[in-house]
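Data block below; observations after.
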Amino acid sequence: MRSRRLGLLISLVITAFMLWGWGRASRPMQATSPYGVPLWSPPLSATASGNLLRNGSMDSEPFYWRPTNHYIAGGWYEWWVGDPLPEFIDGGIIYHNVCYPPPPPGKICVDDMHNSSQGYIRWGAPYIAGIYQPVAGVTPCLPYRLTAYNRNDSARYRPRVGIEPTGWVITRMLTGGTYNCPPDGFSQCPDPRLESEDEFPSTMVWSDYGDHAAYTWAPIAVTAEPVSTTISVWLYAAPLDAGPLSTYWDAASLTRSTYPGDVLPEPDDWAPSTLITSVHVITALDYLFIDWTTTEPTLGQLWYTIQPASSVTSTPTLTQSLYLPFVTKGESSYSHSPLDYTYKTDFSVTLHDLHEGDTVRFVILGRRLAGDHCQTDVSAFYEVVIHIPPLHDLYLPVAMRGAQ
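Going by the working numbering, the sequence shown opens with residue 9, and the numbers climb by one from there.
Dropping the structure here:
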C-alpha cells in the first residue's frame, strides 16, 4: 500500500513540474564605481572567506602617505570633521604596539608576522574622524553586516561603524593634492575634511555607540540593505574629552548576512501587489504544492498557517481584513518557508504531513529594489482545505484497467 501511495505521489509531482517551470535563477547585477574608475575587486581568497572589504585586516597592503604626516591603511581613505584633525598612523608600529588580536605575552605587533591597525591620535582637543571604503559588487536588498574591532583610550570615544547603502563617498577632490590614493595608488585623493556631520547623507545606517572599557578591543557591528550595487563603509570615533587621545581600528569585515529568523521584513502595505503572479496550487495526498512567478527578479517567501481539521467549525469568507492578523507581529503565530537569498522569478514551496480537513491559509511575499528603497510586496491571501481521497478510490480503476 505504501509503495502504491508513493507511486501516485511521484506521478503527480512529475505532472506539476511539466506544467510549470520551477526555480530559474536571475542574472546577477553589475557593479558601478563611485569615482568613475574601476574599483578593486576582492581576490578569490577574500571572496571565499566571505569578507568583501579590501584590506580589512589592515595588514595585507602597505600604509600610504598623506600630508602632512598621515599614514592610511591601503585600500582605505581618511576623513575628519572640522579643524581639530588627528594624526593618522599605523598602530602596529613599535612605538604604539596596538593591534588586534593582541600579541601574546613577550611579543609585540611587529614580531613574527606584522600585525597593523589603523590608528589616529591627537593631543589637546577632541576630534571626529575615521576611515572609509567604497565596496562594489553587492546585491541590492540583501542584508550585509559590517564588523570592526575598536580600541580607545577611554570609554567616552563614542566609536561606531556605518554603512551608506547608496554608495555615497566624498567626491570633492583636493586641488593640487597628491595622486597616491586608492583604488590603484595613482588616483587623485578626495578631500578628507567634512565641514560638519550634517554632510553625511540621511541614508547612513549607523551602529549603536560602543561602550567598552579603555584600552580594550571590542567588535562593533551594523547590518543594512544596499540600494545600489556599490555601498560605502565607515569607521567613526568622536571623543568627548580633551587630552591625549588615540583610536585604533582592526579586523574589519563586510559579509553577506541574513534577516532575523530568515524571515523577510514585513510589508509597509498589505494590499496585494501586481509583482506576484500565476499562483498555482496542487494537492496530492498529504502534500500541498504551491508555485508562483514574479514580474521581475525578487526574493520570495511563503507565510502560512495550518488550522487542524478538528478545530475548524466553519469555512469563513476569504477577505483581506480577516487574514491580516495572522501575519501581524504579536497577534498570532505563522510559519514561513525557507528563505533562499537568491533573486529569481520562479518559486515553489511544498508543505507536507497535512491531514484530511486541514485548512492552509497563506500569503506570498517578495522583496526587491523599488526605486531608491527596498520594498516587500505581497500577494492576495489564499485558503486551501485539504482533501485526501481514500486510497481504494484512487487505485481501484488503475488496477482494473491493467487487468482488462
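Glycine included, every Cβ here is placed at the ideal spot set by N, Cα and C.
- Under the criterion of beta carbons closer than 8 Å, isoleucine 314 and tryptophan 300 do not qualify as touching, at roughly 19 Å.
- A straight-line Cα-Cα distance of about 21 Å links serine 281 and valine 368.
- When beta bridges are read from the DSSP output, cysteine 189 appears opposite Ser195.
- About 17 Å separates the CB atoms of aspartate 67 and asparagine 158; that is not less than 8 Å, and the two are not in contact.
- For threonine 313, the uninterrupted beta strand (DSSP E) run begins and ends at 295 to 315, by DSSP.
- In the pairwise beta carbon analysis, the stretch 344 to 363 is classified as not touching the stretch 252 to 262: fewer than three pairs are separated by under 8 Å.
- Take glycine 83, set aside five residues on each side of it, and the residues of its chain with a beta-carbon closer than 7 Å to its own are Trp48, Arg62, Asn63, Glu69, Gln141 and Pro190, in chain order.
- The straight-line gap separating the alpha-carbon atoms of proline 134 and glycine 127 is approximately 15 Å.
- Contact annotation: glycine 170 and tryptophan 214 have beta-carbon atoms nearer than 9 Å.
- Nearest Cα to glutamine 196 within the set Gly184, Leu202 and Glu203: Gly184.
- Collapsing the DSSP output to three states places serine 236 in coil.
- When secondary structure is reduced to three states using DSSP, glutamate 172 falls in the strand class.
- A Cβ-Cβ separation of about 5 Å places tyrosine 244 in contact with glycine 138 under the 8 Å criterion.
- Threonine 155: member of the beta strand (DSSP E) spanning 152 to 160, first to last residue.
- The beta carbon of threonine 155 sits closer than 6 Å to those of Pro227, Ala229 and Ser261, all from its chain and outside the five residues before and after it, given in chain order.
- Taking the CA atoms as reference points, alanine 279 sits about 28 Å from threonine 231.
- In terms of Cβ geometry, tyrosine 152 and proline 234 form a close pair [threshold 9 Å].
- Going by beta carbons, valine 146 and leucine 272 fall outside the 9 Å limit.
- Burial check for isoleucine 97: the Cβ neighbour count within 10 Å reaches 16 or more, so the residue is buried.
- When DSSP states are grouped into helix, strand and coil, proline 227 belongs to the strand group.
- Here DSSP, grouped into helix, strand and coil, assigns glycine 374 to strand.
- With respect to the 9 Å criterion, arginine 166 and alanine 246 are classified as neighbours on the basis of their beta carbons.
- Nearest to cysteine 149 by alpha-carbon distance, out of Val241, Thr237 and Ile136, is Thr237.
- In the DSSP assignment, isoleucine 129 forms a beta bridge with Glu95 and Ser254.
- For threonine 282, DSSP assigns no beta-bridge partner whatsoever.
- The C-beta distance from valine 89 to serine 204 rounds to 6 Å, short enough to fall under 8 Å.
- Taken through DSSP and simplified to helix, strand or coil, glutamate 364 comes out as coil.
- Arg130 is the residue among His104, Ile116, Arg130 and Arg164 whose C-alpha sits nearest the C-alpha of glutamate 95.
- Here valine 143 is buried: its Cβ has 16 or more other Cβ atoms, across all protein chains shown, within 10 Å.
- Sequence-distant Cβ neighbours of phenylalanine 194 in its own chain, meaning closer than 8 Å and more than five residues away, are Tyr187 and Asn188.
- With fewer than 16 other Cβ atoms from the protein chains shown falling within 10 Å of its own Cβ, glutamate 274 counts as exposed.
- Under the DSSP assignment, arginine 74 falls in the beta strand (DSSP E) whose first and last residues are 72 to 74.
- Nearest neighbour of tyrosine 342 by Cα position, chosen from Tyr79, Tyr256 and Gly269, turns out to be Gly269.
- Judged by DSSP in its simplified three-state form, glycine 269 adopts helix.
- Under the three-state reduction of DSSP, serine 356 is assigned to strand.
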